[in-house]
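Asker: To get this note's numbering, take the position in the sequence shown, counting from 1, and add 95.
Even glycine gets a Cβ: it sits at the ideal position worked out from N, Cα and C.
There's a structure below that I have some questions on.
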Amino acid sequence: MARLDVLFDGYGNDDGVAGTVSLLRDGDVTAIVERFTVQSAGGEFGDGAISNHGTLTLNNSTVSGNTGLQRGIYNGGTLTLNQSTVSGNTAGGIANHVRLTLNNSTVCGNTAYIGASIDNWASLTLNSRTVCDNSASV
Numbered sequence: 096m097a098r099l100d101v102l103f104d105g106y107g108n109d110d111g112v113a114g115t116v117s118l119l120r121d122g123d124v125t126a127i128v129e130r131f132t133v134q135s136a137g138g139e140f141g142d143g144a145i146s147n148h149g150t151l152t153l154n155n156s157t158v159s160g161n162t163g164l165q166r167g168i169y170n171g172g173t174l175t176l177n178q179s180t181v182s183g184n185t186a187g188g189i190a191n192h193v194r195l196t197l198n199n200s201t202v203c204g205n206t207a208y209i210g211a212s213i214d215n216w217a218s219l220t221l222n223s224r225t226v227c228d229n230s231a232s233v
């Protein structure tokens, strides 16, 4: 298996939609991503800086400083974070609508109107995690 370090850094294009990294749009797709960083993505629309609709595992990865109306991560599939950080996102850290597992991971310093850290609507498992200093208006 090839391993790759990936960095997405930028506000997106002029239509206000870009900045979203849609790793998976097909429920039959499975991906394991190592040492992945997405930061400073922004936009007025979209699910999140990372939008998962399949089965995604992030290992030793960071999702931070994303702005606009996008969460750090939108999960509409199965998502596992191992030794990863979600921080400093201004529309919330993670929105979970299917299955989310955090192992030795951190969700800190996110802000939002509602659901600043983990906005959970489904299955959530937290193992050896840190959730701190998140701030919601409501």
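(1) Would you mind sorting Gly151 into buried or exposed? The rule is 16 or more other CB atoms within 10 Å of its CB.
(2) Give me, in chain order, the residues of the same chain whose beta-carbon lies closer than 6 Å to that of Ala211; leave out the 5 immediate sequence neighbours on both sides.
(3) Can you tell me whether Thr125 is buried or exposed, with buried defined as 16 or more other CB within 10 angstroms of its CB?
(4) Skipping 5 residues on each side, what residues in its chain have a beta carbon closer than 6 Å to that of Leu176?
(5) Might you give, ordered along the chain, the residues of its own chain that have their beta carbon closer than 7 Å to the beta carbon of Thr225, omitting 5 neighbours on each side?
(6) Excluding five sequence neighbours on each side, which residues of the same chain lie with their C-beta closer than 7 Å to the C-beta of Trp216?
(7) Does the beta carbon of Ile168 fall short of 7 Å from some heavy atom of the ligand MG?
(8) Out of curiosity, what's the CA-to-CA distance linking Asn147 and Thr185?
(9) Which one of Gly172, Ile213, Arg194, Ser179 has the shortest CA to CA distance from Arg166?
(10) Quick one: using the 10 Å Cβ neighbour count with 16 as the cut-off for buried, is Ser218 buried or exposed?
(11) State the CB to CB distance for the pair Gly163 and Gly183, rounded to an integer number of angstroms; the pair is presumed to be in contact (CB under 8 Å).
(12) Quick check on the DSSP output: what are the complete beta strand (DSSP E) runs of length 3 or more inside the stretch 202-233, in order along the chain?
(13) Kindly list the residues whose CB is nearer than 6 Å to the CB of Tyr169, restricted to its own chain and excluding five residues on each side of it in sequence; keep chain order.
Answerer: According to the data block:
(1) Before going on, a small fix: residue 151 reads as Leu here, not Gly. With 16 or more Cβ atoms within 10 Å of its Cβ, Leu151 is classed as buried.
(2) Gly187, Asn205, Asn229, Ser230, Ala231
(3) exposed
(4) Leu153, Leu197, Ser200
(5) Thr201, Cys203
(6) Asn191, His192
(7) You won't find the ligand MG in this model; it holds no ligand whatsoever.
(8) 19 Å
(9) Ile213
(10) exposed
(11) Incorrect: roughly 13 Å between the Cβ atoms, too far for contact.
(12) 213-215, 218-222, 225-227
(13) Asp142, Gly143, Ser146, Ala190
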